[in-house]
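In the UniProt record's numbering, the protein residues as written are 1 to 258.
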């Protein structure tokens, strides 16, 4: 036992553990306990940056009541795992309502009874319910048949005017954060809660971006923060629509450590 423990300690000292190496080999987006970002041989203070600096934008959103054709095109043209759902009401088009996953959208579109005319007129409590095992499925049973259905919906004109009410199936408790939240706190929140998607909203609760695990990988954060630090304060202000929180950031960051 002593020999085994000593061998492991020596091995861990000189190289990564086996499981860590397998994670890198399989390109799994694993988030470290703390995000350590170096710039010009100095550790950056991530509290000086905002989540809006590393979020993915623009975002593919879907409305609470969306046409079948639009939903089919979204599934065919993107490979995103989830989509923010926004309000369909006039004047509140970008207001965040929740999140629906790619698999859930696929299940809804393959159950054509959920978007016929009679179904759309029913109250929520009277709607056709999809069984939880089907709705919570993580795999598509027949990929070829599903793709044929989606292509049919995307190409045929009648489905442009047929709508699906997504609201009963939306995860309305999905997490969202303000675009002004510090990057350090955003990273800690994302990792500690084990999230897949973190929606970024503005002061009016309108969707402005989304964060996934890949956006929080160290190499992606470095890439995006370099762009921020090499951008003039005026350009950053116009992009964020704020009052210049990172004005003079290039000078301040260079000598800070987190």
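Even glycine gets a Cβ: it sits at the ideal position worked out from N, Cα and C.
>> Taking the straight line between their C-alpha atoms, what separation do you get for residue 202 and residue 51?
In response: For the purposes of this step, residue 202 is identified with residue 202 of the chain shown, where counting begins at 1. For the purposes of this step, residue 51 is identified with residue 51 of the chain shown, where counting begins at 1. One C-alpha to the other measures close to 11 Å.
>> In this structure, how does DSSP classify residue 223 when only helix, strand and coil are distinguished?
In response: Residue mapping note: residue 223 aligns to position 223 of the chain shown, counting from 1. Helix at residue 223.
> Cα-Cα, which of 90, 66 and 89 is closest to residue 83?
Replying inline: On the chain shown, residue 83 is found 83 positions in, with the first residue counted as 1. Of 90, 66 and 89, the residue nearest in Cα terms is 66.
> Any beta-carbon of chain C closer than 9 Å to the one on residue 102?
Replying inline: Here chain C cannot be found, since the structure has a single protein chain.
> Taking buried to mean at least 16 other C-beta atoms within 10 Å of its own C-beta, is residue 172 buried or exposed?
Replying inline: Locating residue 172 in the chain shown gives position 172, where the first residue counts as 1. The residue in question, residue 172, is exposed, as its Cβ has fewer than 16 Cβ neighbours within 10 Å.
> Between residue 155 and residue 69, what straight-line distance do the alpha-carbon atoms span, to the nearest angstrom?
Replying inline: Within the chain shown, numbered from 1, the residue matching residue 155 stands at position 155. Within the chain shown, numbered from 1, the residue matching residue 69 stands at position 69. Answer to the nearest angstrom: the Cα atoms are 8 Å apart.
>> Measuring straight from C-alpha to C-alpha, what distance separates residue 210 and residue 164?
In response: Here residue 210 corresponds to residue number 210 of the chain shown, with the count starting at 1. Here residue 164 corresponds to residue number 164 of the chain shown, with the count starting at 1. So the two alpha carbons sit approximately 24 Å from each other.
> Ends of the alpha helix (DSSP H) at residue 83?
Replying inline: Here residue 83 is taken as the residue at index 83 of the chain shown, counted from 1. Element bounds for residue 83: not the alpha helix (DSSP H) but the beta strand (DSSP E), 82-86.
>> Among the candidates 206, 228, 213 and 45, whose CA atom is the shortest distance from the CA of residue 91?
In response: Stepping through the chain shown from its first residue, residue 91 is reached at position 91. When each option's Cα is compared against that of residue 91, the closest is 206.
>> Within 10 Å of its beta-carbon, does residue 145 have 16 or more other beta-carbons around it, so buried, or fewer, so exposed?
In response: In the chain shown, counting from the first residue as 1, residue 145 sits at position 145. By the neighbour-count rule (16 or more Cβ atoms within 10 Å), residue 145 is not buried but exposed.
> Taking the Cβ atom as the reference point for each residue, do residue 111 and residue 88 lie within a distance shorter than 9 Å?
Replying inline: Within the chain shown, the letter at position 111 stands for residue 111. Within the chain shown, the letter at position 88 stands for residue 88. It is not a contact, given that the beta carbons lie outside the stated cut-off.
>> Give me, in chain order, the residues of the same chain whose beta-carbon lies closer than 6 Å to that of residue 94; leave out the 5 immediate sequence neighbours on both sides.
In response: Within the chain shown, residue 94 is the residue found at index 94, counting from 1. Within the same chain, residue 94 has close Cβ partners 86, 206 and 207.
> Once you ignore the five residues that flank residue 218 on each side, which residues in its own chain have a CB closer than 8 Å to its CB?
Replying inline: Taking the first residue of the chain shown as position 1, residue 218 is located at position 218. Hits under 8 Å: 32, 35, 36 and 37.
> In angstroms, rounded to a whole number, what distance separates the CA positions of residue 151 and residue 229?
Replying inline: Locating residue 151 in the chain shown gives position 151, where the first residue counts as 1. Locating residue 229 in the chain shown gives position 229, where the first residue counts as 1. Their backbone Cα atoms lie some 44 Å apart in a straight line.
> For the beta strand (DSSP E) that residue 205 lies in, which residues bound it at each end?
Replying inline: On the chain shown, position 205 is the one that residue 205 refers to. First-last for residue 205: undefined, no H or E at that position.
> From which residue to which residue does the beta strand (DSSP E) around residue 176 run?
Replying inline: The residue you call residue 176 lines up with position 176 of the chain shown. Here the beta strand (DSSP E) through residue 176 covers 176-178.
> What is the C-beta distance between residue 200 and residue 179, in whole angstroms, given that I count them as a contact (C-beta under 8 Å)?
Replying inline: Mapped onto the chain shown, residue 200 falls at position 200. Mapped onto the chain shown, residue 179 falls at position 179. The Cβ separation is near 5 Å, so the contact holds.
> In this structure, does DSSP put residue 62 in helix, strand or coil?
Replying inline: Sequence index remark: in the chain shown, residue 62 carries index 62 (1-based). Of the three classes helix, strand and coil, the one that applies to residue 62 here is strand, per DSSP.
> Between residue 41 and residue 54, what straight-line distance do the alpha-carbon atoms span, to the nearest angstrom?
Replying inline: What you label residue 41 is simply residue 41 of the chain shown in a count that begins at 1. What you label residue 54 is simply residue 54 of the chain shown in a count that begins at 1. Rounded to the nearest angstrom, the two C-alpha atoms are 21 Å apart.
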